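Colleague: Residue numbering for the sequence shown follows our numbering, starting at 1322 and increasing by one per position.
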Amino acid sequence: MKPSPRIPRSLQLYKRALELIPGGTQLISRRPTRYANGVSPIYAARAQGARFWDIDGNEYIDWVSGIGAIILGYCDPVVDDAVRRQIATGTMYSINHELEIELAEELCRTIPCAEMVRYAKCGGEACAIAVRIARGFTGRDKVLFCGYHGWQDWYLAANLAAEANLNAHLFPGIEPIGVPRTLAGTALPFPYGDLGVLGELLDRHKGEVAAVIMEPLRSEIPKAGYLEGVKKLAAAHGTVLIFDEVTSGFRLAVGGVQEYLGVTPDMAVFAKAISNGYPMAAVVGKRAVMEPAGRMFISSTYWSDTLGLRAALTTIQELRKRGVPAQLQRVGSELTRRLNAVAGEVGLKVTCGGLSVLPALQFATDDAALKSKLTTLYIQEMAKRGCHGYASFYLNAAQGEAEIEQTVAAAREVFALIARAWSSGQVEQMLECDPQQDAFRRMVR
Ligand SMILES: Cc1ncc(COP(=O)(O)O)c(C=O)c1O
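(1) For Glu1380, name the three-state secondary structure that DSSP assigns.
(2) Using alpha carbons as the reference points, say which of Trp1472, Leu1752 and Gln1720 lies closest to Val1691.
(3) Please name the residue, chosen from Gly1506, Lys1336, Pro1756 and Pro1543, that lies closest to Ser1569 on a Cα-to-Cα basis.
(4) How many whole angstroms separate the CB atoms of Ala1435 and Ala1478, which I take to be in contact at a CB cut-off of 8 Å?
(5) Considering only residues of the same chain and omitting the five flanking positions on each side of Tyr1335, which have a CB-CB separation below 8 Å?
(6) By the three-class DSSP mapping on this structure, what secondary structure does Pro1611 have?
(7) Could you check the C-alpha separation between Ile1392 and Ile1495 for me, to the nearest Å?
(8) Starting from the Cα of Ile1450, find the closest Cα among Val1604, Ala1368, Ile1349 and Arg1641 and give me that residue.
(9) Thinking C-alpha only, which one of Asp1383, Val1561, Ser1350 and Ala1357 is nearest Arg1453?
(10) His1490: beta carbon under 6 Å from a heavy atom of ligand 1?
(11) Using only CA atoms, which one of Tyr1381, Ser1331, Ala1366 and Pro1329 lies nearest to Arg1706?
(12) Roughly how far, in whole angstroms, is the beta-carbon of Gly1615 from the beta-carbon of Asp1587, given that I think they are within contact range, below 8 Å?
(13) Cα-Cα, which of Pro1501, Lys1527 and Val1551 is closest to Phe1511?
(14) Count Cβ pairs between the stretch 1693-1703 and the stretch 1628-1642 that sit closer than 8 Å; are there 3 or more?
(15) Quick check on this structure: which residue in Arg1643, Lys1463 and Pro1756 has the alpha carbon closest to the alpha carbon of Val1399?
(16) Determine whether the beta carbon atoms of Lys1442 and Ala1602 lie at a separation below 7 Å.
(17) Taking Val1533 as the reference, which of Glu1580, Asn1379 and Val1590 has the closest Cα?
(18) Under the rule that 16 or more other beta-carbon atoms within 10 Å means buried, what is Pro1501, buried or exposed?
(19) Helix, strand or coil: which one does DSSP assign to Leu1682?
(20) Once you ignore the five residues that flank Val1610 on each side, which residues in its own chain have a CB closer than 8 Å to its CB?
(21) Hey, could you find the ends of the alpha helix (DSSP H) Gly1653 is sitting in?
(22) Quick check on Glu1722: buried or exposed, where buried means 16 or more other Cβ atoms within 10 Å of its Cβ?
(23) Can the beta-carbon of Leu1716 be found less than 7 Å from the beta-carbon of Leu1649?
(24) Hey, could you find the ends of the beta strand (DSSP E) Met1437 is sitting in?
(25) Is the closest heavy atom of ligand 1 to the C-beta of His1470 under 6 Å?
(26) What are the partner residues of Tyr1599, as DSSP defines its beta bridges?
(27) At a cut-off of 6 Å, would you count Cys1429 as near ligand 1, judging by its Cβ distance to the nearest heavy atom?
(28) Assuming Phe1736 contacts Val1663 under a Cβ cut-off of 8 Å, what Cβ separation, rounded to an integer in Å, is found between them?
(29) Would you say the beta carbon of Glu1541 comes nearer than 6 Å to a heavy atom of ligand 2?
(30) Have a look at the DSSP bridge pairing and note the partners of Ala1589.
(31) Can Ala1704 and Val1360 be called in contact, C-beta distance under 7 Å?
(32) DSSP puts Gly1673 in a beta bridge; with which residues?
(33) Where do the N-terminal and C-terminal ends of the alpha helix (DSSP H) with Arg1372 fall, by residue?
(34) Tell me, which residues are paired with Val1853 by DSSP?
(35) If Leu1481 and Pro1493 are in contact, beta carbons under 8 Å, what's the gap, nearest whole angstrom?
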């Protein structure tokens, strides 16, 4: 397969990166193998609003929104002005800054479970802090989890006991290389939506489970009563319930899924969209659980950085002022409706569904290899038409009618092309790259 000539500088840079940076990128989701490798852009030069320009000068609508970190749009003038003013007065100091308290007050007004707050710089780090606090609070070691929670030892320990433990929780095939074997059995997965299994696990490990940590939702609204049931089980076992809202937070409601669905956990973790692209994360929770953290050693220089604090405070205020969750729902519903209409028009067996604020395409086949090829062909052909993304859509508030129009027009051509390739058995021949890889399945170049 010949790499496309549209991204020569990106390809050159990635070659240099592989010589210097183990794994090539800092985040698995930024690896070229997650997209149409050789066709999709790898290096960005600049971004503005709903779009970015790659190092080769190609323009794209960005349907990945900084892997979910950009919620207002790139270079949001209000957030960036606030950050620039902050830079002019110093970004961090030897002593503390009032912003720590102002943001904590804002989070406590906004997030139902928030009575006290700690900060961090990224989602995985914030999850590790939340788990540490829950372990310290309960004096117990074990953690039950559901979903993706970062790269740290406490979480990857799940794959020491059984290699497949993390498979259903977003990334299959993670090898826990470098994770101490003594942690085996300390992190146990539970399947989403099944209260029976969670109850059995809590019974089997009675008195040993510090925390139940979960993404409260990922791609669907849970069945009525499910999260309430989880909360009841956790409470009955004296276990801290933590909602990981790193991806779900701020999209359905400014107060997160917990506000939207009316289920308040003991603690919650936010990052990504909290600060529209500036490094920032928060661990929030009930006073009874959070207060003992004052005696735990949880401490880092950059957690007081005022740029993240200022960006988060301004972003949360702007989300509320502009009614962003409702806007994301409108854009997502419209995109979903029109992509489904186009699929019907051209006769492609694909459905756009999932949450309106995180829509995703599903090709109607049980053949996993074919599905991966169809998805890659979609990513490849959309990239050629100036639409960067996976087969799913991270929305931001800068996306509007123009982006929907352009994307639907591109999808009309791409869906027709895929339908023809699928019906004539030519999907593989149409690929200008290897099929998109499941992250972690093969940690190779
Ligand atoms: C639910 C959830 N938790 C934790 C993380 C890790 O966050 P970060 O990559 O900022 O460390 C992610 C990242 O995608 C996530 O989606």
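Note that beta-carbon positions come from the ideal geometry of N, C-alpha and C, so glycine has one too. It should be emphasised that the depicted structure is a prediction, and the values quoted were computed from it without experimental measurement.
Modeller: On the basis of the coordinates in this document:
(1) The residue given as residue 1380 occupies position 59 in the sequence shown. Glu1380: strand per DSSP, three-state reduction.
(2) Counting from one through the sequence shown, the residue named residue 1691 turns up at place 370. This sequence places Leu at residue 1691; Val is not what is there. The shortest Cα separation from Leu1691 among Trp1472, Leu1752 and Gln1720 belongs to Leu1752.
(3) One-based indexing of the sequence shown puts residue 1569 at position 248. Comparing Cα positions, the closest option is Pro1543.
(4) Along the sequence shown, one-based indexing puts residue 1435 at 114. Along the sequence shown, one-based indexing puts residue 1478 at 157. In fact, because the Cβ distance is near 28 Å, the residues do not count as touching under 8 Å.
(5) The residue given as residue 1335 occupies position 14 in the sequence shown. Closer than 8 Å at Cβ, skipping near neighbours: Gly1345, Pro1353, Ile1363 and Tyr1364.
(6) Locating residue 1611 in the sequence shown gives position 290, counting from the first residue. Strictly speaking, residue 1611 in this sequence is Met, with Pro absent from that position. Helix, per DSSP.
(7) Taking the sequence shown and counting its residues from 1, one reaches residue 1392 at position 71. Taking the sequence shown and counting its residues from 1, one reaches residue 1495 at position 174. Looking at the two C-alpha atoms, the distance is approximately 29 Å.
(8) Stepping through the sequence shown from its first residue, residue 1450 is reached at position 129. Here the closest residue by C-alpha is Val1604.
(9) Residue 1453 sits at position 132 when you count from the first residue of the sequence shown. Nearest option by C-alpha distance: Val1561.
(10) Sequence index remark: in the sequence shown, residue 1490 carries index 169 (1-based). Checking every heavy atom of ligand 1 against the Cβ of His1490, none is found closer than 6 Å.
(11) Numbered from 1 along the sequence shown, position 385 holds the residue referred to as residue 1706. Among Tyr1381, Ser1331, Ala1366 and Pro1329, the Cα nearest to that of Arg1706 belongs to Tyr1381.
(12) Here residue 1615 refers to the residue found at position 294 when the sequence shown is read from its first residue. Here residue 1587 refers to the residue found at position 266 when the sequence shown is read from its first residue. Rounded, the Cβ-Cβ distance is 17 Å, inconsistent with contact.
(13) Along the sequence shown, one-based indexing puts residue 1511 at 190. Ranking the options by Cα distance to Phe1511, first place goes to Val1551.
(14) no
(15) As a working mapping, residue 1399 is identified with position 78 in the sequence shown. When only C-alpha atoms are compared, the closest one is Arg1643.
(16) For the purposes of this step, residue 1442 is taken as the residue at position 121 of the sequence shown. For the purposes of this step, residue 1602 is taken as the residue at position 281 of the sequence shown. Yes, the Cβ-Cβ distance between Lys1442 and Ala1602 is below 7 Å.
(17) Here residue 1533 is taken as the residue at index 212 of the sequence shown, counted from 1. The option with the nearest alpha carbon to Val1533 is Val1590.
(18) The residue given as residue 1501 occupies position 180 in the sequence shown. Exposed.
(19) By one-based count along the sequence shown, residue 1682 stands at place 361. Leu1682: strand per DSSP, three-state reduction.
(20) Counting from one through the sequence shown, the residue named residue 1610 turns up at place 289. So the qualifying residues of the chain are Ile1454, Ala1455, Phe1458, Val1561, Asp1587 and Met1588.
(21) By 1-based counting over the sequence shown, the position of residue 1653 is 332. From DSSP, the alpha helix (DSSP H) with Gly1653 extends over Val1645 to Val1667.
(22) For this step, residue 1722 is matched to residue 401 along the sequence shown. By the neighbour-count rule (16 or more Cβ atoms within 10 Å), Glu1722 is not buried but exposed.
(23) The sequence position of residue 1716 within the sequence shown is 395, counting from 1. The sequence position of residue 1649 within the sequence shown is 328, counting from 1. Taking 7 Å as the Cβ cut-off, Leu1716 and Leu1649 qualify as a contacting pair.
(24) Position 116 of the sequence shown, counting from 1, holds the residue named residue 1437. It spans Met1437 to Ala1441 - the beta strand (DSSP E) in which Met1437 sits, taken as one unbroken run.
(25) In the sequence shown, counting from the first residue as 1, residue 1470 sits at position 149. Yes, ligand 1 has a heavy atom inside 6 Å of this Cβ.
(26) Numbered from 1 along the sequence shown, position 278 holds the residue referred to as residue 1599. In the DSSP output, where bridge partners are listed per residue, Tyr1599 has none listed.
(27) As a first step, residue 1429 is located in the sequence shown; it is residue number 108 there, counting from the start. Checking the Cβ of Cys1429 against ligand 1 gives no.
(28) For the purposes of this step, residue 1736 is taken as residue 415 along the sequence shown, with counting starting at 1. For the purposes of this step, residue 1663 is taken as residue 342 along the sequence shown, with counting starting at 1. Their Cβ separation, rounded to whole angstroms, is 6 Å, which keeps Phe1736 and Val1663 in contact under 8 Å.
(29) Of the ligands one can find in the structure shown, namely ligand 1, none is ligand 2.
(30) Here residue 1589 corresponds to residue number 268 of the sequence shown, with the count starting at 1. The partner list for Ala1589 (beta bridge, DSSP) reads Phe1564 and Val1605.
(31) Walking along the sequence shown from the start, residue 1704 turns up at place 383. Walking along the sequence shown from the start, residue 1360 turns up at place 39. Cβ atoms of Ala1704 and Val1360: closer than 7 Å.
(32) Position 352 of the sequence shown, counted from the start, is the residue given in the question as residue 1673. The sequence shown places Cys at residue 1673, rather than the Gly named in the question. Leu1682.
(33) By 1-based counting over the sequence shown, the position of residue 1372 is 51. Counting along the chain, Arg1372 falls outside any alpha helix (DSSP H), though it belongs to the beta strand (DSSP E) covering Arg1372 to Asp1375.
(34) Any answer about residue 1853 is impossible in this case: the structure gives the chain only from 1322 up to 1766.
(35) Stepping through the sequence shown from its first residue, residue 1481 is reached at position 160. Stepping through the sequence shown from its first residue, residue 1493 is reached at position 172. Going by Cβ atoms, the distance from Leu1481 to Pro1493 rounds to 16 Å, so no, they are not a contact pair.
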